[in-house]
Amino acid sequence: MGLPSVAYDRGDERDGSARRLKWQQDREVRRLKGLIILSDTSSSVDDHGSSSDDSDDPPPDAYAYSCAGDRKGKGPARKCMDMRYTNVDDKIKECLIPNLAQIYLIGFYEEREFALYVSSISNELRIPVRYLREDKPRGSAGGLYSFRDYIMEDSPAHIVLLNCDVCSSFPLPDMLEAHKKYGGMGTLLVNKVSAESANQFGELVADPETNELLHYTEKPETFVSDLINCGVYIFTPKILIAIEDVLKQKKDRANLRRVSSFEALQSATKAIPADYVRLDQDILSPLAGKKELYTYQTLDFWEQIKTPGMSLRCSGLYLSQFRHTSPHLLASGDGKKGATIVGDVYIHPSAKVHLTAKIGPNVSISANARIGAGARLISCIILDDVEIMGEGDHNAKLGITILGEAVDVEDEVVVTNSIVLPNKTLNASVQDEIIL
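Below is the structure:
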């Protein structure tokens, strides 16, 4: 299967060969495409350690993690879109680098769930944002290839690929400059972690002088390196040719391999489909050491959102970053003209916080939330339309907690280390619970 015609030079010479794809190096303005992978199955989280493509079940949904719902984006999780959108917002806004042509969100959610959001964020940022729904699991690289027609519109020079279950400062401008200097097919964002935790991720070895990727392995049983894959990439369009090569090899092997009827029956449910291509094992590992892939190490924060509680930690990391990059977004107050603010706190302009409340550290309060008199909030995320009442003998107190949309916490209620999904009223204290 060749690349689409829009990927070729639009002159008179069109021979239909993917190998003669023109990169148009002489163009003054280099157009980029940003892709953010949201999918709740194999094409999102298999490439930096949160799950494995080899498992029988599809990897969990990064957004259902954030919302504590089911991993198919159904049921309670579907009511928690605000947390999903907040997570996506972070990635989209980090993609806003010069010459960005378009942003695609790739996932398995129903298109209608993202329709209003995509329209709103496109108008806000004045950059086309589109949601692309995968029809079946194809692996992270296979999913990318299946949307090559869209990706190659306008003949982009570079493709920025982000997995959405990570939080980071996303140093894309510096990473892009390094990628251009390397001159390879792709550049991976990498980070150093402890030797004890490295095997939870894709480990890699890079040349200390050239930063070339020399070796890559996904979740090794024995320690290989403390450098890990962060799930953030910049590629040239040549990545699509590399994926196409793998697809052809898989097809050829499938045609050549002869099996008995018993083997065919046994392998029917275990065999990986021919159009299923993993970015880590099928692309990164084989191309390591061939001067095609390079690394860019971040010295800033990086975390993967593996559990609901990690959303809270990531919120704290972003708030801490705002202190240096966007201090105007953080709230302040001493209790005289407004609530008492301790540490890093974000309060949406439409939220109403009583001046006797004490907020922080590490608190994020979303649109139209209402915080009553005397409430004390520490380490929590308050989503849209949540009401925290006040004036009790022991006013509402939240610690290490995420409250979904339109949750009401009544007087004298303590909520600790819990996640509450939308449209609930809490009239009794809870601790260490996920309330569906």
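Numbering (the UniProt record's numbering), first residue to last: 1 to 436.
Note that the Cβ used here is the ideal one computed from N, Cα and C, for glycine as well.
Opposing strand residues paired with residue i [DSSP bridges]
i: ASP408; result: GLU387, THR425
i: GLY186; result: PHE235, LEU293
i: LEU403; result: ILE382, VAL420
i: GLN431; result: THR416
i: LEU204; result: TYR216, LEU227
i: ARG133; result: GLY107
i: GLN304; result: VAL166
i: LEU35; result: TYR104, LEU161
Exposure of residue i, with buried meaning 16 or more beta-carbon neighbours within 10 Å
i: ASP174; result: exposed
i: ASN362; result: buried
i: TYR65; result: Since pLDDT at TYR65 reaches only 21, below the 50 mark, its modelled position is unreliable, and no value is offered.
i: ASN211; result: buried
i: GLY183; result: exposed
i: ALA428; result: exposed
i: GLN102; result: buried
i: PRO137; result: buried
i: SER315; result: buried
i: HIS252; result: Residue identity check: residue 252 is Asp in the sequence provided, not His. With fewer than 16 other Cβ atoms within 10 Å, it is exposed.
i: CYS67; result: Because the pLDDT of CYS67 is 24, which lies under 50, any placement of that residue in the model is unreliable, and the number read from its coordinates should be weighed accordingly. Counting Cβ neighbours within 10 Å, CYS67 comes out buried, since at least 16 surround it.
i: TYR304; result: The sequence shown places Gln at residue 304, not Tyr. Buried is the call here.
i: LEU144; result: buried
i: LEU293; result: buried
i: GLU13; result: Residue placement at GLU13 cannot be trusted, given a pLDDT of 36 that sits under 50; what the coordinates show is reported in the next sentence. Under this definition GLU13 is an exposed residue.
i: LYS290; result: exposed
i: ASP432; result: exposed
i: PHE223; result: exposed
i: GLU387; result: buried
i: THR425; result: exposed
i: GLU28; result: Note that GLU28 scores 30 on pLDDT, short of 50, meaning its location in the model is unreliable and no value can be drawn from it.
i: residue 440; result: For residue 440 there is no data in the structure shown, the boundaries of the chain being 1 and 436.
i: ASP154; result: exposed
Whole-number beta carbon distance between residue j and residue i, since they are thought to touch under 8 Å
i: SER169; j: ASP275; result: Actually they are not in contact, since the Cβ atoms of SER169 and ASP275 sit about 35 Å apart, beyond 8 Å.
i: ALA367; j: ILE382; result: No, ALA367 and ILE382 are not in contact; Cβ-Cβ is about 10 Å, not under 8 Å.
i: TYR216; j: LEU161; result: Not really, about 16 Å apart at Cβ, beyond 8 Å.
i: SER379; j: LEU279; result: Contact doesn't hold; Cβ gap of about 35 Å is too wide.
i: LEU189; j: TYR104; result: Not confirmed; about 19 Å, so no contact.
i: THR236; j: ALA178; result: Between ALA178 and THR236 the Cβ distance is about 14 Å, and since that is not below 8 Å, they are no contact.
i: LEU176; j: ILE92; result: Not confirmed; about 17 Å, so no contact.
i: ALA206; j: ASP226; result: Not quite, the Cβ-Cβ distance comes to about 11 Å (not below 8 Å), so this is no contact.
i: ALA375; j: ALA351; result: That pair is no contact at about 12 Å.
i: HIS354; j: ALA331; result: Wrong, their Cβ atoms sit about 14 Å apart, outside the cutoff.
i: VAL414; j: GLY404; result: Wrong, their Cβ atoms sit about 18 Å apart, outside the cutoff.
i: ASN423; j: GLN297; result: That belief does not hold up - the Cβ atoms of ASN423 and GLN297 are roughly 44 Å apart, past 8 Å.
* Which full runs of the beta strand (DSSP E) of 3+ residues lie inside the region 317-396, going along the chain? -> The region 317-396 contains these whole beta strand (DSSP E) runs: 345-347, 363-365, 376-382.
* Is the number of C-beta pairs between the region 200-211 and the region 123-139 that are closer than 8 Å three or more? -> Segments in contact, no.
* **Entirely enclosed alpha helix (DSSP H) segments - the region 142-191, minimum 4 residues** => With a minimum length of 4 residues, the unbroken runs of alpha helix (DSSP H) contained wholly in the region 142-191 fall at 148-151, 172-182.
* Three CB pairs or more closer than 8 Å across the region 146-153 and the region 282-301 -> Too few Cβ pairs lie closer than 8 Å, so no.
* Give, in chain order, every unbroken run of the beta strand (DSSP E) that is at least 3 residues long and sits entirely within the region 96-129. => Unbroken beta strand (DSSP E) runs of no fewer than 3 residues, entirely contained in the region 96-129, are found at 100-107, following chain order.
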